[in-house]
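Encoded as structure tokens, the structure appears first; notes follow it.
Protein chains: 2
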Amino acid sequence: MARVEILCVGSELLSGKVNTHMSFFAPFLRGLGLSIGRETSVGDSVAEIREAVESAFARADVLLITGGLGPTFDDLTREGVAEALGLRVTYRPEIFEGIKKRFLKYGRRVPDENKRQAMVVEGATVLPNRFGSAPGQRIVRGKKAVFLLPGPGSEMIPMMRDQVAPYLRKSYSNGRTASKTILRLCGIPESAADEKLDPLYKTAQRRGVEFTILSEPGLVDLHITALAKSKREADKKVAAAAAAARKLVGRWQFGSDEDSLESVVGRKLLSKRWTLAMAESCTGGLVSRRLTRVPGSSRYFLGGVVCYPDAATLRELAVHPDVIRTFGAVSSECATAMADGARRRWGADCTVSITGIAGPAGGTKAKPVGLVWFALSMKGAKTRALKMLLPGDREAVQRRASIAALTLLLRSL
Amino acid sequence: MARVEILCVGSELLSGKVNTHMSFFAPFLRGLGLSIGRETSVGDSVAEIREAVESAFARADVLLITGGLGPTFDDLTREGVAEALGLRVTYRPEIFEGIKKRFLKYGRRVPDENKRQAMVVEGATVLPNRFGSAPGQRIVRGKKAVFLLPGPGSEMIPMMRDQVAPYLRKSYSNGRTASKTILRLCGIPESAADEKLDPLYKTAQRRGVEFTILSEPGLVDLHITALAKSKREADKKVAAAAAAARKLVGRWQFGSDEDSLESVVGRKLLSKRWTLAMAESCTGGLVSRRLTRVPGSSRYFLGGVVCYPDAATLRELAVHPDVIRTFGAVSSECATAMADGARRRWGADCTVSITGIAGPAGGTKAKPVGLVWFALSMKGAKTRALKMLLPGDREAVQRRASIAALTLLLRSL
Numbered sequence: 139m140a141r142v143e144i145l146c147v148g149s150e151l152l153s154g155k156v157n158t159h160m161s162f163f164a165p166f167l168r169g170l171g172l173s174i175g176r177e178t179s180v181g182d183s184v185a186e187i188r189e190a191v192e193s194a195f196a197r198a199d200v201l202l203i204t205g206g207l208g209p210t211f212d213d214l215t216r217e218g219v220a221e222a223l224g225l226r227v228t229y230r231p232e233i234f235e236g237i238k239k240r241f242l243k244y245g246r247r248v249p250d251e252n253k254r255q256a257m258v259v260e261g262a263t264v265l266p267n268r269f270g271s272a273p274g275q276r277i278v279r280g281k282k283a284v285f286l287l288p289g290p291g292s293e294m295i296p297m298m299r300d301q302v303a304p305y306l307r308k309s310y311s312n313g314r315t316a317s318k319t320i321l322r323l324c325g326i327p328e329s330a331a332d333e334k335l336d337p338l339y340k341t342a343q344r345r346g347v348e349f350t351i352l353s354e355p356g357l358v359d360l361h362i363t364a365l366a367k368s369k370r371e372a373d374k375k376v377a378a379a380a381a382a383a384r385k386l387v388g389r390w391q392f393g394s395d396e397d398s399l400e401s402v403v404g405r406k407l408l409s410k411r412w413t414l415a416m417a418e419s420c421t422g423g424l425v426s427r428r429l430t431r432v433p434g435s436s437r438y439f440l441g442g443v444v445c446y447p448d449a450a451t452l453r454e455l456a457v458h459p460d461v462i463r464t465f466g467a468v469s470s471e472c473a474t475a476m477a478d479g480a481r482r483r484w485g486a487d488c489t490v491s492i493t494g495i496a497g498p499a500g501g502t503k504a505k506p507v508g509l510v511w512f513a514l515s516m517k518g519a520k521t522r523a524l525k526m527l528l529p530g531d532r533e534a535v536q537r538r539a540s541i542a543a544l545t546l547l548l549r550s551l
Numbered sequence: 139m140a141r142v143e144i145l146c147v148g149s150e151l152l153s154g155k156v157n158t159h160m161s162f163f164a165p166f167l168r169g170l171g172l173s174i175g176r177e178t179s180v181g182d183s184v185a186e187i188r189e190a191v192e193s194a195f196a197r198a199d200v201l202l203i204t205g206g207l208g209p210t211f212d213d214l215t216r217e218g219v220a221e222a223l224g225l226r227v228t229y230r231p232e233i234f235e236g237i238k239k240r241f242l243k244y245g246r247r248v249p250d251e252n253k254r255q256a257m258v259v260e261g262a263t264v265l266p267n268r269f270g271s272a273p274g275q276r277i278v279r280g281k282k283a284v285f286l287l288p289g290p291g292s293e294m295i296p297m298m299r300d301q302v303a304p305y306l307r308k309s310y311s312n313g314r315t316a317s318k319t320i321l322r323l324c325g326i327p328e329s330a331a332d333e334k335l336d337p338l339y340k341t342a343q344r345r346g347v348e349f350t351i352l353s354e355p356g357l358v359d360l361h362i363t364a365l366a367k368s369k370r371e372a373d374k375k376v377a378a379a380a381a382a383a384r385k386l387v388g389r390w391q392f393g394s395d396e397d398s399l400e401s402v403v404g405r406k407l408l409s410k411r412w413t414l415a416m417a418e419s420c421t422g423g424l425v426s427r428r429l430t431r432v433p434g435s436s437r438y439f440l441g442g443v444v445c446y447p448d449a450a451t452l453r454e455l456a457v458h459p460d461v462i463r464t465f466g467a468v469s470s471e472c473a474t475a476m477a478d479g480a481r482r483r484w485g486a487d488c489t490v491s492i493t494g495i496a497g498p499a500g501g502t503k504a505k506p507v508g509l510v511w512f513a514l515s516m517k518g519a520k521t522r523a524l525k526m527l528l529p530g531d532r533e534a535v536q537r538r539a540s541i542a543a544l545t546l547l548l549r550s551l
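The listed protein sequences correspond, in order, to chains A and B.
Sequence positions in the first sequence follow the numbering used here and run 139 to 551.
Sequence positions in the second sequence follow the numbering used here and run 139 to 551.
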């Protein structure tokens, strides 16, 4: 498989600006059957750019460079690339004429600075820019190619689609297409999933199938990718690998590809024509927030109550004072009363309640920080409560609790 | 100034996951008087990691490596670094014992995979991880140092603060100390802030003070950093620059340094001994969730209601049916009724209500996606409502609305 490297040029990328280009490049290039071998970000310095281009060009078949094509003194990609390849940059008056026209169209006079954008690495093919003044450039060296692309996504992405992709497909995809799927798991730690899947890895790799495990606390994503001569063949490889993986971790899988815990919960509720309400204490509305991220969630999510102090819990969810007096707000009994109270009050088919100690303060020997009680109240079923001791700081406890609540709900629907 | 390079390890970074580490590293290292020369992202491959470490180590004084310290087969940073430096990795049983304890504490059995996290590059100093199972490592070679850090920010950032920063300050800041402050602004776009501050930049730079603007929708952070022979001198430089900046953007500043909108709102409520309740529709609990992120928020945040369909809004917040029948749920009148209803019902000193169209569906000519009404009901004041038309997709509208609500509240307290 041809190796692509991405070089992002711009001092702002080293001073804290978040670089979002990879979220475009990665899936886009995967679709062409190409894989990214490395991403590098350097500042606006000819020496840095030259060194980065030299080494990347030695490793990669295709080098995509974004940024540093602007008109100002610190736009130095052209010079850096030329030095790296031992070429000159030459002024192309016809390009400057084009830029002039563009400016006039918007009734603006073109500053002399923009002449820099008419400097082209010798032998380069110029890639017109429909959405900005900086043209792209393509330099071919034997079987390798370097592309100079504008920094702004609004200019770079169309140039990739219209002018770079066709060239890459013709020259580097050598007739192979990629296929991909993601198995989404919950309720299993990353290391445990990995342990279970281990027997698969070797044989899969022999068959040209690639596994990648990505995870966040409480969730594990298994990415399965394959390349083949035809889309059909690639799809078959992926399907086979996915089936084998399901045999090992199937019971933890809640969805695939674009699914999220929230969206799958939503689908299940819709198919049952059920409504949901939430009663959250220590998660402070995080579960409601997650549920309402899903477009159309108003069709099944009635809403919820975020209750902080006991008094509010009592009133809003009609929890009997004795429950809290006797067992405390963080208890099986209170969680149960919260869930039942919320279900009655919102007239929902099911409710989940969450009450716990997110920390940092409020923990005791008997009820430490991270202790969270959940209860599920459901039409036609006995209300169940369960507790978990969740690791991490306040933020982590809240996140894990929100995922645990959605997992509990999902398993019961 | 010592050169730092960042190496991010993880195939997910080459498959599209957005890398946000630089927005932490850049300002943090600037505060230590260090500058980042390059950022590199490589996949989970020993060969890739080795090559990247070799070349980065040749260029940099300090190499910070994040990721690839997990327990799974594709966590290979330890091996890659060892190969690059010609060292062995050795198993440290005492580390595995620590990991075991950590798992047991949460009632989980530790998989054998986690033994990989007890592998240490020979001669490395182990950096304990308070928030996860992967310890960090520090390897010193003459005047140069390599740090292996966990990938998750929740584990990496505390390790940088507590264990890496002191070492870097001692070894690389050569007698110069940095001083730093952040002015946190809301209600002003990044470009507008930049324009207003422009007069300051040149003179500041001559005085050795550096400005960096980082922003997310609705929020702008102005980082002000200075280096000097003494802390006192550096502090003076920063204080002077901050004062000058405040003259230009002071009215948009809501806090500084560790402050967040939520925490400043909390402080103001505490100082007034006021309580707050929320009534959220289109933000689905996001504001409550943000407020309850703040430790101790239960001292002033009573809770809130997330109301989705009109029926619930009516019942939960005692909004008169005529209001919605006549004006619709997304209207000044409904927002006002929601805020007043919530305040009565929760007995809070102030409440904010949010009702709008987050999209993608539900928009009309008269009430397009992105239209959001806010109302603020406050003890001893007339309830005020205002509307905004917020750009972006569902997620963006919800985020911007949550920030706008907190901003509105802050300005009025």
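A virtual CB, placed ideally from N, CA and C, is assigned to each residue, including glycine.
If you're wondering where the values come from, they're calculated on a predicted model, not measured in any experiment.
Between the beta-carbon of D182 of chain A and that of S153 of chain A there is about 11 Å, and that puts the pair past the 8 Å contact cut. In chain order, F512 place their CB closer than 6 Å to the CB of L524 of chain B, counting only its own chain and leaving out the 5 sequence neighbours on each side. For G236 of chain B, the three-state secondary structure derived from DSSP is helix.
Under a criterion of Cβ atoms nearer than 9 Å, the residues of chain A adjacent to M160 of chain B are, in order, L151, L152, S153, G154, K155, V156, N157, S179. Residue environment for F392 of chain A: buried (at least 16 other C-beta atoms within 10 angstroms of its C-beta). When the beta-carbon positions are compared, V347 of chain B and K385 of chain B stay at least 8 Å from each other. The contact set of C445 of chain B on chain A, defined by CB atoms closer than 7 Å, consists of G441 in chain order.
As computed with DSSP, C445 of chain B is found in a beta bridge with A:G441.
Among the residues of chain B, those whose CB is under 8 Å from the CB of R431 of chain A are G422, R532, E533, Q536, following chain order. Along the region 262 to 283 of chain B, the positions whose C-beta sits under 7 Å from a C-beta of chain A are F269, read in chain order.
DSSP places R481 of chain B in the uninterrupted alpha helix (DSSP H) bounded by 470 to 484. For the pair of segments examined, the region 421 to 438 of chain B was found not to touch the region 458 to 465 of chain B: the number of CB pairs separated by less than 8 Å stays below three. By the Cβ neighbour-count rule, Y229 of chain B is exposed, with fewer than 16 other Cβ atoms within 10 Å of its own. Here L455 of chain B really is in contact with G479 of chain B; their C-beta atoms are around 4 Å apart, less than 8 Å.
Note on geometry: alpha-carbon atoms of F163 of chain B and R482 of chain B lie some 46 Å from one another. One alpha carbon belongs to L546 of chain B, the other to A534 of chain B, and they sit about 18 Å apart. The C-beta of K318 of chain B has 16 or more other C-beta atoms within 10 Å across all chains shown, which makes the residue buried. For the pair V248 of chain A and I237 of chain A, the CB atoms are nearer than the 8 Å cut-off. Against chain B, the beta carbon of P498 of chain A has neighbours under 7 Å at P433, listed in chain order.
Apart from the 5 residues on each side of it in sequence, R314 of chain A sits with its Cβ closer than 7 Å to the Cβ of G171, L365, A366, K367 in its chain, given in chain order.
With the rule of 3 Cβ pairs closer than 8 Å, the region 287 to 297 of chain A counts as touching the region 265 to 277 of chain A. R141 of chain A carries a strand assignment under DSSP once its states are collapsed to helix, strand and coil.
DSSP, read as helix, strand or coil, puts G274 of chain A in strand. Residue contact check for I174 of chain B against chain A: a CB pair falls below 8 Å. Around the Cβ of S329 of chain B, a 10 Å sphere holds fewer than 16 other Cβ atoms; the residue is exposed. V468 of chain B is a Cβ neighbour of T493 of chain B, given a cutoff of 8 Å.
Nearest CB-CB separation between A164 of chain B and chain A: below the 8 Å threshold. For D487 of chain B, not one C-beta of chain A is nearer than 8 Å to its own C-beta. For D531 of chain A, the closest C-alpha among the options A:K340, A:G508, A:I362, A:R549 is that of A:G508. DSSP lists A:V510 as the beta-bridge partner residues of M526 of chain A.
CA-to-CA, the gap between E192 of chain A and A185 of chain A works out to about 11 Å. Distance from the CA atom of L352 of chain B to the CA atom of D373 of chain A, rounded to whole angstroms, is 42 Å. Put simply, the CB of S329 of chain A is near chain B, with a gap under 8 Å to one of its CB atoms. Taking 8 Å as the CB threshold, D395 of chain B stays off the interface with chain A. When the five nearest sequence neighbours on each side are left out, the beta carbons in the same chain lying within less than 6 Å of the beta carbon of T413 of chain B are those of Y438, L440, A486, D487, in order along the chain.
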